[in-house]
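Chemist: First the structure, which I've put down as structure tokens, then a few questions once you've had a look.
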Amino acid sequence: MPDRHIFLIGMQGCGKSSLGKRVARETGIPFVDTDAMVAQSAGGTVNDFFDRFGEEKFRRAETGALVLLTRARPMIVSTGGGTVMNPENRHIMRSWGRIVWIDRPLEEILTDIKLDRRPTLREGGLAEVERIYRERMPVYRDLADVTVRNDQGYHMAVYTLSRLLQERF
Numbered sequence: 241m242p243d244r245h246i247f248l249i250g251m252q253g254c255g256k257s258s259l260g261k262r263v264a265r266e267t268g269i270p271f272v273d274t275d276a277m278v279a280q281s282a283g284g285t286v287n288d289f290f291d292r293f294g295e296e297k298f299r300r301a302e303t304g305a306l307v308l309l310t311r312a313r314p315m316i317v318s319t320g321g322g323t324v325m326n327p328e329n330r331h332i333m334r335s336w337g338r339i340v341w342i343d344r345p346l347e348e349i350l351t352d353i354k355l356d357r358r359p360t361l362r363e364g365g366l367a368e369v370e371r372i373y374r375e376r377m378p379v380y381r382d383l384a385d386v387t388v389r390n391d392q393g394y395h396m397a398v399y400t401l402s403r404l405l406q407e408r409f
């Protein structure tokens with residue numbers, strides 16, 4: 241069991257939630273998804289939250305979810321793709337955990353991502369995905385304590401993340 245949270249960061253569609261859930265199941269470490277926390281607080285989905293309250297309120301709620309996690313036992317925490325863009329969120333994650341960047345090539349993200357399920361991407365399409373990717377990559381890179389490449393398939397990424405947690409955290 242890690243002594244601090246393991247924050248999974250990365251682009252939408254990189255595999256944070258699916259990898260985090262699977263590794264949590266295999267290791268017995270609790271798992272939480274901050275997007276799900278925020279959505280549940282409003283009684284709906286992330287898209288519902290965005291539609292009802294907008295992105296600014298979502299981002300504030302995202303920070304609130306991270307603050308709540310500072311009082312929880314260590315978990316694997318999947319964060320939203322844009323969580324890292326707020327300096328306060330970066331400070332919370334650095335102070336309360338270790339940060340793992342799930343790095344997946346843009347080409348693979350573009351083949352898998354469902355734009356209608358991603359409120360920040362619905363209107364801009366694939367061009368918006370590419371713009372956000374370029375904007376966030378340096379932040380992910382700078383913030384990460386360690387990087388897990390997710391370009392060799394799901395099972396290899398699960399294996400890599402599981403070993404990382406067992407050996408380093």
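Residue numbering for the sequence shown follows the numbering used here, starting at 241 and increasing by one per position.
From the three backbone atoms N, C-alpha and C, an ideal C-beta is built for every residue, glycine too.
As a quick exercise: from 244, 284 and 254, pick the residue whose alpha carbon is nearest that of residue 391.
Modeler: Here the question's residue 391 lines up with position 151 in the sequence shown. When each option's Cα is compared against that of residue 391, the closest is 254.
Chemist: Would you grab the beta carbon distance between residue 242 and residue 409 for me? Rounded to a whole angstrom, and I think it's under 8 Å.
Modeler: Here residue 242 refers to the residue found at position 2 when the sequence shown is read from its first residue. Here residue 409 refers to the residue found at position 169 when the sequence shown is read from its first residue. Right, the Cβ-Cβ distance comes to about 4 Å (below 8 Å), so this counts as a contact.
Chemist: Just the C-alpha distance for residue 251 and residue 324, rounded to the nearest angstrom, thanks.
Modeler: Indexing the sequence shown from 1 puts residue 251 at position 11. Indexing the sequence shown from 1 puts residue 324 at position 84. So the alpha carbons of these two residues sit roughly 10 Å apart.
Chemist: In its own chain, which residues sit with a C-beta less than 7 Å from the C-beta of residue 245, not counting the 5 before and 5 after it?
Modeler: As a working note, residue 245 is residue 5 in the sequence shown. If we look at residue 245 and ignore the five residues flanking it on each side, its Cβ neighbours are 309, 314, 315, 317, 336 and 337.
Chemist: In this structure, does DSSP put residue 387 in helix, strand or coil?
Modeler: For the purposes of this step, residue 387 is taken as residue 147 along the sequence shown, with counting starting at 1. Strand at residue 387.
Chemist: Work out the CA separation of residue 276 and residue 288 for me, nearest whole Å.
Modeler: Looking up residue 288 in the sequence shown gives position 48. Looking up residue 276 in the sequence shown gives position 36. Each residue's Cα considered, the two are about 12 Å apart.
Chemist: Leaving out five residues on either side along the sequence, give the residues of the same chain with a beta carbon under 8 Å from the beta carbon of residue 380.
Modeler: Residue 380 sits at position 140 when you count from the first residue of the sequence shown. So the qualifying residues of the chain are 249, 250, 251, 324, 341 and 343.
Chemist: Kindly indicate the opening and closing residues of the alpha helix (DSSP H) around residue 262.
Modeler: Counting from 1 along the sequence shown, the entry for residue 262 is found at position 22. Per DSSP, residue 262 belongs to the alpha helix (DSSP H) from 256 to 267.
Chemist: Can you grab the Cα-Cα spacing for the pair residue 299 / residue 292, in whole Å?
Modeler: Locating residue 299 in the sequence shown gives position 59, counting from the first residue. Locating residue 292 in the sequence shown gives position 52, counting from the first residue. Whole-angstrom Cα-Cα distance: 13 Å.
Chemist: Buried or exposed for residue 257, please, with buried defined as at least 16 other CB atoms from any protein chain shown within 10 angstroms of its CB.
Modeler: Within the sequence shown, numbered from 1, the residue matching residue 257 stands at position 17. Counting Cβ neighbours within 10 Å, residue 257 comes out buried, since at least 16 surround it.
Chemist: Can the beta-carbon of residue 339 be found less than 8 Å from the beta-carbon of residue 384?
Modeler: By 1-based counting over the sequence shown, the position of residue 339 is 99. By 1-based counting over the sequence shown, the position of residue 384 is 144. Closer than 8 Å, so yes.
Chemist: Pick out whichever of 311, 312 and 303 has its Cα sitting closest to the Cα of residue 319.
Modeler: Here the question's residue 319 lines up with position 79 in the sequence shown. Out of 311, 312 and 303, 303 has the C-alpha closest to the C-alpha of residue 319.
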